[in-house]
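Some notes on the structure that comes next.
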Amino acid sequence: MECDAVIIGDSIVRHIRATTAKGKVRTRCLPGARVLDVSAQVPAILKKNSGAVVLHAGTNDIRLRQTEILKKDFRSLVEKFADDTTVIRLITCGEETSYRTEVAGLIAWCQENNLSLNTDKTKEMIIDPRRRRKEQHTPIYIGETDREGEYLQIPRNSSERGLHLVSQHSAAPETIPAATVLLKKAEDGMSAEILSNFYRCTVESVITSSITVWHGSCTVRNRKALQRVIKTAQLICGAAFPSLQDICNTRVIRRAHNIIRDNTHPQHNLFTLLPSGRCYRSVRSRTKRLTNSFYSQTIRLLNNT
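Under this note's numbering, residues 401 to 705 are what the sequence shown spells out, in order.
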């Protein structure tokens, strides 16, 4: 009986060491491996092992864990979820060289492995917080650049894993009108504990996905609509659930503590203590959008707790 193979790639934040696995499971660690590098190891493992392959890939290169390189790699992320692949890049001062290099590497890898990217389904989403855009974005071409229709379309809005993104730097959770219907169908013959677990695993996980991103800019109307879903679930399950604001505050503070402990995070310098050593320096903001942003909201919560 051949053992299963587990391939582990480094995380962008933490270096993963070889773990001890139970039974006949072989663990192979790839230090400093990128997503594409880890994926390239799968065929060789499949030839030697007939068992299942669990692929856990990190984000980008660690490369000796140098601070400046880590900060640069934080700005570029290749995310793999099921059969969807997302390339995320932070562009500053109009510098798109690294972003286009990352995309070109993904396209080249697909061509080398006999995979073709469907331009009808592949989109390029640009979120620009500036009110006035000085330069125009050059579209990305796939394949022959002189063929018409081979460039990626840039939509005004898009959906990513339950989150509705708009190009004008806004985000909101997708509505789930069938959430309470599922709870009502599962209500018959189910105990309160089972209904509560079902709510937390399905409804709450969806409506609170990426809540630290969109809650600050969410409209009052959307907040009330989501809160009604929580109240309806409480009546059906017969249990008390935390409100949307409480969930957001808990996750925001937890995320802030992680950033404060990690001095390699690009925004670590935003959390600076005042000379008293008790409160953090507030972020100056002239617009309501910046006031309701994640970092301004986080510093206010930390100073009030």
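Glycine is no exception: its CB is placed at the ideal position from the N, C-alpha and C atoms.
- Rounded to the nearest angstrom, the Cβ distance from residue 702 to residue 656 is 6 Å, consistent with a contact under 8 Å.
- With a cutoff of 9 Å on beta-carbon distance, residue 630 and residue 644 are scored as near each other.
- Residue burial is scored here from C-beta neighbours: residue 603 has at least 16 other C-beta atoms within 10 angstroms and is therefore classed as buried.
- Under the rule that a run must span 3 or more residues, no beta strand (DSSP E) segment is found entirely inside the segment 492-518.
- In chain order, 691, 696 place their CB closer than 7 Å to the CB of residue 685, counting only its own chain and leaving out the 5 sequence neighbours on each side.
- Closest option to residue 596, judged by alpha-carbon separation, among 514, 615, 632: 632.
- Distance from the CA atom of residue 522 to the CA atom of residue 504, rounded to whole angstroms, is 14 Å.
- Between residue 648 and residue 670, the alpha-carbon positions lie close to 20 Å from each other.
- In the three-state reduction of the DSSP assignment, residue 538 falls in the coil class, being assigned neither a helical nor a strand state.
- DSSP, read as helix, strand or coil, puts residue 487 in strand.
- In this structure, the alpha-carbon of residue 626 lies about 9 Å from that of residue 608.
- Short of 6 Å from the beta carbon of residue 694, and not among the five residues preceding or following it, lie these beta carbons of its own chain, in chain order: 612.
- With contacts defined as CB atoms closer than 9 Å, residue 681 and residue 672 qualify as a contacting pair.
- For the segment 576-653, the continuous alpha helix (DSSP H) assignments of 4+ residues that do not extend past its boundaries occur at 579-587, 592-598, 611-614, 620-637, in sequence order.
- When rounded, the separation of the alpha-carbon atoms in residue 507 and residue 665 is 29 Å.
- Taking the CA atoms as reference points, residue 592 sits about 37 Å from residue 699.
- A check of alpha carbon separations from residue 502 across 605, 620, 610, 540 identifies 540 as the nearest.
- Collapsing the DSSP output to three states places residue 673 in a strand.
- Under DSSP, residue 680 shares a beta bridge with 673.
- In this structure, the straight-line span from the alpha carbon of residue 651 to that of residue 615 is close to 11 Å.
- The beta carbon of residue 660 sits closer than 6 Å to the beta carbons of 671 from its chain, once the five residues preceding and following it are set aside; these are given in chain order.
- Rounded to whole angstroms, the separation of the alpha carbons of residue 617 and residue 676 is 31 Å.
- The C-alpha of residue 485 is placed about 27 Å away from the C-alpha of residue 600.
- Of the residues assessed, residue 637 falls on the buried side of the cut-off, its CB having 16 or more other CB atoms within 10 angstroms.
- Assignment of residue 688 by DSSP, reduced to helix, strand and coil, places it in the helix class.
- Distance from the CA of residue 610 to the CA of residue 509, rounded to the nearest whole angstrom, comes to 30 Å.
- Rounded to whole angstroms, residue 667 and residue 590 show a C-alpha spacing of 46 Å.
- When C-alpha distances from residue 489 are compared across 518, 512, 516, 526, the shortest belongs to 526.
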